[in-house]
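Everything in the sequence shown is counted per the working numbering, starting at 193 for the first residue and increasing by one.
Note that beta-carbon positions come from the ideal geometry of N, C-alpha and C, so glycine has one too.
Accompanying notes for the structure given below.
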Amino acid sequence: MMETSQDIFYLVLAFCVLWLTVFLCWALYYLIRLLKQSNEVLTGFRERLGKIGSVFSFFRGKLLAKGLEGLVNLAKAKISKKVNSKNKN
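So this is what it looks like as structure tokens:
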């Protein structure tokens, strides 16, 4: 069975290759788990960021509508003031 030192070398080499394969499989498993968790975190972050963006766009729309309403009311007031002043003269 073990006749030369080369046979022992091949046996040790096979054993090392086996352990290297086991280690690489273990490392790959944990790397995949890490990437999956990172993807889940990023997905949650994107969802929250989308909700925040929609809230900001809602408020921006409301502020724009109120701003335009204020401008229209201001224009109405100035026009009515000028009309009233011309009617008095």
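Kindly indicate which three-state DSSP category residue i falls into: helix, strand or coil?
{"i": "Glu261", "result": "helix"}
{"i": "Thr196", "result": "coil"}
Once you ignore the five residues that flank residue i on each side, which residues in its own chain have a CB closer than 8 Å to its CB?
{"i": "Leu256", "result": "none"}
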